[in-house]
């Protein structure tokens with residue numbers, strides 16, 4: 001992300017958050033579906049900052065462009081799918097044979113399922129109401145309806161919703177026999193547990209790339225990198241800047257990204 005990209009992101013927030021607040025005041029959540037600036041339909045919810053960011057492409061185009069540019073058959077794993085933005089983008093790529101979207105929060109899962117149907121991707125995108133973690137069972141997740149993307153399994157003592165968790169053996173069983181795997185991880189502080197599970201996958205050698213979030217408030221960037229290096233990943237490209245950014249981990253240099 002260049003300085004200009006960063007400035008555009010901040011300007012979008014400054015313009016569209018007040019606009020969305022006004023829309024919510026006038027008409028509540030909104031009705032029907034809106035076409036996101038990323039090109040996919042999403043259930044309208046002007047009260048949710050995550051929807052607003054999807055609607056106006058505040059997240060930038062690092063991962064979306066990467067997914068659109070993949071030209072070999074791949075399966076997309078969306079860990080922490082929220083309303084499914086990136087599963088929908090991947091699903092529109094004709095080279096995507098399948099996408100599996102994990103979203104544990106019940107209300108968000110409903111919107112994810114609605115978005116899959118609205119984009120006519122039911123035959124390609126599978127929604128799973130669960131979170132990937134180091135143990136299969138149940139856990140507490142902290143959830144904010146005003147910003148659904150901040151849902152977190154971080155153990156900070158806060159009260160939360162009961163959700164279902166699965167570990168890597170169960171997740172592997174969902175995958176079938178994938179030729180190439182592309183993975184997105186957005187789990188708000190639970191990244192280390194997820195990465196540790198990913199490197200246990202019996203399909204580890206087929207994982208082409210892992211796109212994940214780093215936030216200085218709760219992430220150990222070096223620790224996450226070390227886990228992925230133990231799984232054979234050798235190239236780590238930064239997408240974004242500051243204390244909150246994304247990383248694309250690959251086994252070889254990416255042709256679509258440059259080190260920032």
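Numbering (UniProt numbering), first residue to last: 1 to 260.
Glycine included, each C-beta is placed from N, C-alpha and C at the ideal position.
The structure displayed is predicted, hence computed values, not measured ones.
DSSP places residue 153 outside any alpha helix (DSSP H), giving it a letter other than H or E. Residue 195 carries a helical assignment under DSSP once its states are collapsed to helix, strand and coil. In this structure, residue 138 sits away from residue 108, with a CB-CB distance that is not shorter than 8 Å. When the Cα atoms are used, residue 208 and residue 22 turn out to be separated by approximately 43 Å. With a minimum length of 4 residues, the unbroken runs of alpha helix (DSSP H) contained wholly in the UniProt domain "Methyltransferase FkbM" (78–233) fall at 85–92, 106–118, 168–175, 191–198, 221–230. Secondary structure at residue 64: helix, using DSSP grouped into helix, strand and coil.
Excluding its 5 nearest sequence neighbours in each direction, residue 86 has C-beta neighbours in its own chain below 8 Å: 63, 64, 67, 76, 78, 184, listed in chain order. When the beta-carbon positions are compared, residue 48 and residue 130 stay at least 8 Å from each other. Residue 240 is bridged by DSSP to 245. Residue range 33–35 is occupied by the beta strand (DSSP E) that includes residue 33.
Nearest to residue 151 by alpha-carbon distance, out of 82, 110, 191, is 82.
Listed as beta-bridge partners of residue 41 by DSSP are 35. Taking 8 Å as the cut-off, the Cβ atoms of residue 141 and residue 153 count as close. Around the beta carbon of residue 40, a 10 Å sphere encloses 16 or more other beta carbons of the protein chains shown; the residue is thus reported as buried.
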